[in-house]
Structures are given as structure tokens and as C-alpha cells.
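> Quick one: the structure is below, questions incoming.
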Amino acid sequence: MRWIHGSPSAKHNTDPDIQVHPYDEHTVILRQNMAIDYEAPFLFLLFGEERAVLIDTGATASAEYFPLRRVVDEVMDTWLAGHPRDRYELVVLHTHPHGDHIAGDGQFTDRPGTEVVDAALDSAWEFFGFRDDPHGVARVDLGGRVLECLATPGHHEAAVTFFDPWTGFLLTGDTVYPGRLYVDDWQAFTRTVDRLIDFCAVRPVTHVLGCHIEMTRQPGRDYPVRTTYQPDEPPLQMTTDQLRDIRAAIDSVGDRTGRHVFADFVIDRRDDPGGH
Numbered sequence: 000m001r002w003i004h005g006s007p008s009a010k011h012n013t014d015p016d017i018q019v020h021p022y023d024e025h026t027v028i029l030r031q032n033m034a035i036d037y038e039a040p041f042l043f044l045l046f047g048e049e050r051a052v053l054i055d056t057g058a059t060a061s062a063e064y065f066p067l068r069r070v071v072d073e074v075m076d077t078w079l080a081g082h083p084r085d086r087y088e089l090v091v092l093h094t095h096p097h098g099d100h101i102a103g104d105g106q107f108t109d110r111p112g113t114e115v116v117d118a119a120l121d122s123a124w125e126f127f128g129f130r131d132d133p134h135g136v137a138r139v140d141l142g143g144r145v146l147e148c149l150a151t152p153g154h155h156e157a158a159v160t161f162f163d164p165w166t167g168f169l170l171t172g173d174t175v176y177p178g179r180l181y182v183d184d185w186q187a188f189t190r191t192v193d194r195l196i197d198f199c200a201v202r203p204v205t206h207v208l209g210c211h212i213e214m215t216r217q218p219g220r221d222y223p224v225r226t227t228y229q230p231d232e233p234p235l236q237m238t239t240d241q242l243r244d245i246r247a248a249i250d251s252v253g254d255r256t257g258r259h260v261f262a263d264f265v266i267d268r269r270d271d272p273g274g275h
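Just so you know, we're using numbering that gives the first Met the number 0 here: the sequence shown kicks off at 0 and counts up by one.
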């Protein structure tokens, strides 16, 4: 798959505002245009028999510049034309509450048959049941398709990872992706990576999918922050072996804060190792 990756001139960019990639009949991956926001996050729309889930809503609030609601409605209308239902719902969930993952929420607040779950810690943890059992596996039933959800703090205290048994996708948000892994809580991040490795050992994970691409195809080289043209992107998908590479990198970083460069990712440790 070749993703839209910006252009030398954002003003003259001719890519769609949102790239729509049907991975299969019931799974759609969306990417925001870099000309709208340099973060260019990936979003995931998954269809079950009774409801669909949209995971993350991108980096731009304006429906004029980032017509996420319209695009999602069009994709859902197409799916429903082939799978008619009297009633079909949409749930909006998030990998974490940073602005480039929740900005489009407002486009869905008045949408009929839609539940938008706030990504903040209290509301998200209440929805998933993590407040009572932060180490549990929550389940979101779409009807014939049940997502398994894990609390995975480290990048953000409210971060959530989703496993979709239908595709085998492990959706890791900003916790794991081919780019700069910003870590605000080192101990929590270490536990999260350990948990993901253990989880993958007993699940048929096909791809580890984060929400950004920031690396180039040259090992150890990332695009500068705020880049809007990335013609040499590696694939979005990562492997479970690369989770183990991240775990080895954690040991290599040790107690050192700052930026640490590895072949497929960069770890940016922000927390104070003496503060825990």
C-alpha cells in the first residue's frame, strides 16, 4: 500500500483530504492529508454486524478543511448498501487524548446513533472498566467482531491498545509506530511493552499498526518534526519482532533521558528517571 505522504508544496497538494483504504470488506484505514496537518494520523474504521467503531478522529476540528464526518458517512453508507440493517450504530473511541487524535470528535457529537467516548482518563477508563481493573482486557462487541482493549500507559496515562481478531491488527496508537516514541512515563512504558509482547505471544497478531509514520526507509533516520513531504516512508505496519526490538532498546537506554535513535524508531524519553 502506498499512502499519501504530502508534496513539496502544501499549497499545490492534490491529494484527497482523507485517503480511504479498504483493507478488506469490513475494515477501512484512513489517513489525513499532510497538507492539512503535518501529523498526518491514521484512523481505523471497523465494521461489525451491529455497529462500527471509529478509532481516533484526526488532527483537525474543521469539517471544511478535514471532512471526516462526511467521509465516514460515505464509507458507512456504501457498507450498509451491501449489508442492509434497520439500525446501525457508530462508536467513536481513541488510542489516547492528544489533540491530533481527538480533534474531529465534534463532527460526530450530533450524529444520530453515535456514541463518542471522551478520550480523557476518567471517561475512557470508565467506559473500558479499567478503573476497577487496569490490568484487565476489556471487550467491545461490534456484533460478530469483538475488540480486545488494553490499558497501555507510557506515552500517555490514558493510552489504549486495541486488538482486532478479525484482521489480527494490534492498533497501538502512539505507543508503537515507525517514528518518534515519546515516553512520558518510562516505567509505565516498559511495563506496557512487556505486556504487549506477552499479549502477542497468545494472539494471532498479523500487523502492529500505530497512528503515524515519521521514519524514512534509511535505518535510524527520521523526518524532521513538522515535515509535510515524506516521499521515502517505510510501511505503516510493524511486526511483533519489532516489539522485542523496542524492549531491547529500553534496556539500552537505561536511565538516560533524551533522544535515542534505533534502526526502525526513535525513543524520546521525557520523564525524569529520578522522579519515580
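The beta-carbon is built from N, C-alpha and C at its ideal position, and this holds for glycine as well. A quick note: this is a predicted structure, and the numbers were derived from the prediction, not measured.
#1: What did DSSP end up calling Ile54 once you bin it into helix, strand or coil?
#2: Measuring straight from C-alpha to C-alpha, what distance separates Ala119 and Thr77?
#3: Spatial neighbours of Phe129 within its chain, please: CB distance less than 6 Å, with the 5 preceding and 5 following residues excluded, ordered by chain position.
#4: Which residues share a DSSP beta bridge with Leu169?
#5: For the beta strand (DSSP E) containing Arg220, name the first residue and the last one.
#6: What span of residues does the alpha helix (DSSP H) with Ala283 cover, start to end?
#7: With H, G and I counted as helix, E and B as strand and the rest as coil, what does DSSP make of Thr113?
#8: Just the Cα atoms here: how many angstroms apart are Val265 and Gly219?
#9: What's the call for Val175, buried or exposed, on a 16-neighbour Cβ count within 10 Å?
#10: With a CB to CB cut of under 8 Å and the five nearest residues on each side skipped, what residues in its chain are close to Ile35?
#11: Quick one: what's Phe41 bridged to in DSSP?
#12: Starting from Asp85, follow the beta strand (DSSP E) in both directions and report where the run begins and ends.
#13: Measure the C-alpha to C-alpha separation of Trp2 and Trp124 and round it to an integer number of angstroms.
#14: If you follow the beta strand (DSSP E) that Gly257 is in, where does it begin and where does it stop?
#15: What number of angstroms, rounded off, separates the C-alpha of Gly5 from the C-alpha of Tyr228?
#16: Sorted by chain position, which residues of the same chain lie with C-beta nearer than 6 Å to Ile245's C-beta, five sequence neighbours on each side aside?
#17: Applying the criterion that 16 or more other CB atoms from any shown protein chain within 10 Å of the CB defines a buried residue, is Gly98 buried or exposed?
#18: Just curious, the alpha helix (DSSP H) that Arg190 is in, first and last residue?
#19: According to the neighbour-count rule (16 or more other Cβ atoms, all chains shown, within 10 Å of its Cβ), is Gly273 buried or exposed?
#20: Looking only at C-alpha atoms, which of Val27, Gln186, Arg68 sits nearest to Gly103?
#21: Decide if His275 is buried, meaning its Cβ has at least 16 other Cβ atoms within 10 Å, or exposed.
#22: Count the other C-beta atoms from every protein chain shown that fall within 10 angstroms of the C-beta of Thr108, then say buried if there are 16 or more, exposed otherwise.
#23: Does the separation of the CB atoms of Asp55 and Thr94 fall below 7 Å?
#24: Tell me whether the stretch 170-187 and the stretch 134-144 touch, counting them as touching only if at least three CB pairs, one residue from each stretch, are closer than 8 Å.
#25: Could you tell me whether the stretch 39-51 touches the stretch 209-217, using the rule of 3 or more Cβ pairs below 8 Å?
Taking the coordinates as given:
#1: The sequence position of residue 54 within the sequence shown is 55, counting from 1. Reduced to three states, the DSSP call for Ile54 is strand.
#2: For the purposes of this step, residue 119 is identified with residue 120 of the sequence shown, where counting begins at 1. For the purposes of this step, residue 77 is identified with residue 78 of the sequence shown, where counting begins at 1. One Cα belongs to Ala119, the other to Thr77, and the distance between them is close to 32 Å.
#3: Along the sequence shown, read from residue 1 onward, the residue named residue 129 stands at position 130. Cβ neighbours of Phe129 within its own chain (closer than 6 Å, five residues either side excluded): Ala150.
#4: Position 170 of the sequence shown, counting from 1, holds the residue named residue 169. DSSP, once it has assigned bridges, lists Phe162, Val207 as partnering Leu169.
#5: As a position in the sequence shown, residue 220 is number 221, starting the count at 1. That residue, Arg220, is in no beta strand (DSSP E); it is neither H nor E in DSSP.
#6: Only positions 0 to 275 of the chain appear in the structure, and residue 283 is not among them; the question remains open.
#7: Within the sequence shown, the letter at position 114 stands for residue 113. Thr113 carries a strand assignment under DSSP once its states are collapsed to helix, strand and coil.
#8: Working through the sequence shown from its first residue, we reach residue 265 at position 266. Working through the sequence shown from its first residue, we reach residue 219 at position 220. The alpha-carbon separation between Val265 and Gly219 amounts to approximately 8 Å.
#9: In the sequence shown, residue 175 corresponds to position 176, counting from 1. Counting other Cβ atoms within 10 Å of its Cβ, Val175 reaches 16 or more and is therefore classed as buried.
#10: For the purposes of this step, residue 35 is taken as the residue at position 36 of the sequence shown. Excluding positions up to five away in sequence, the list reads Asp16, Ala58, Thr59, Tyr64, Phe65.
#11: Here residue 41 is taken as the residue at index 42 of the sequence shown, counted from 1. Per DSSP, the beta-bridge partners of Phe41 are Arg30.
#12: For the purposes of this step, residue 85 is identified with residue 86 of the sequence shown, where counting begins at 1. If you look at Asp85, you'll find it isn't in any beta strand (DSSP E); DSSP assigns it neither H nor E.
#13: Counting from 1 along the sequence shown, the entry for residue 2 is found at position 3. Counting from 1 along the sequence shown, the entry for residue 124 is found at position 125. Roughly 33 Å between the two C-alpha positions.
#14: The sequence position of residue 257 within the sequence shown is 258, counting from 1. If you look at Gly257, you'll find it in the beta strand (DSSP E) that goes 257-260.
#15: Along the sequence shown, one-based indexing puts residue 5 at 6. Along the sequence shown, one-based indexing puts residue 228 at 229. Just so you know, the alpha carbons of Gly5 and Tyr228 end up roughly 4 Å apart.
#16: Residue numbering aside, residue 245 sits at position 246 when the sequence shown is read from its first letter. Excluding residues up to 5 positions away in sequence, Val192 lie with their Cβ nearer than 6 Å to the Cβ of Ile245 in the same chain.
#17: Locating residue 98 in the sequence shown gives position 99, counting from the first residue. Label assigned to Gly98: exposed.
#18: Reading the sequence shown from its first residue, position 191 is the one you call residue 190. Per DSSP, the unbroken alpha helix (DSSP H) holding Arg190 starts and ends at 185-199.
#19: To locate residue 273, count along the sequence shown from 1; it is residue 274. With a pLDDT of only 47 at Gly273, under 50, the local geometry of the prediction cannot be trusted, and no value is derived from it.
#20: By 1-based counting over the sequence shown, the position of residue 103 is 104. Gly103 has its Cα closest to that of Arg68, out of Val27, Gln186, Arg68.
#21: Walking along the sequence shown from the start, residue 275 turns up at place 276. Low local confidence applies: a pLDDT of 35 at His275 is under 50, so the model's placement there is unreliable, with the coordinate-based value given in what follows. The residue is exposed, with fewer than 16 neighbouring Cβ atoms inside 10 Å.
#22: Along the sequence shown, read from residue 1 onward, the residue named residue 108 stands at position 109. By the 10 Å Cβ count, Thr108 comes out exposed.
#23: Your numbering for residue 55 matches position 56 in the sequence shown. Your numbering for residue 94 matches position 95 in the sequence shown. The Cβ atoms of Asp55 and Thr94 sit closer than 7 Å to each other.
#24: Touching, no.
#25: In the pairwise beta carbon analysis, the stretch 39-51 is classified as touching the stretch 209-217: at least three pairs are separated by under 8 Å.
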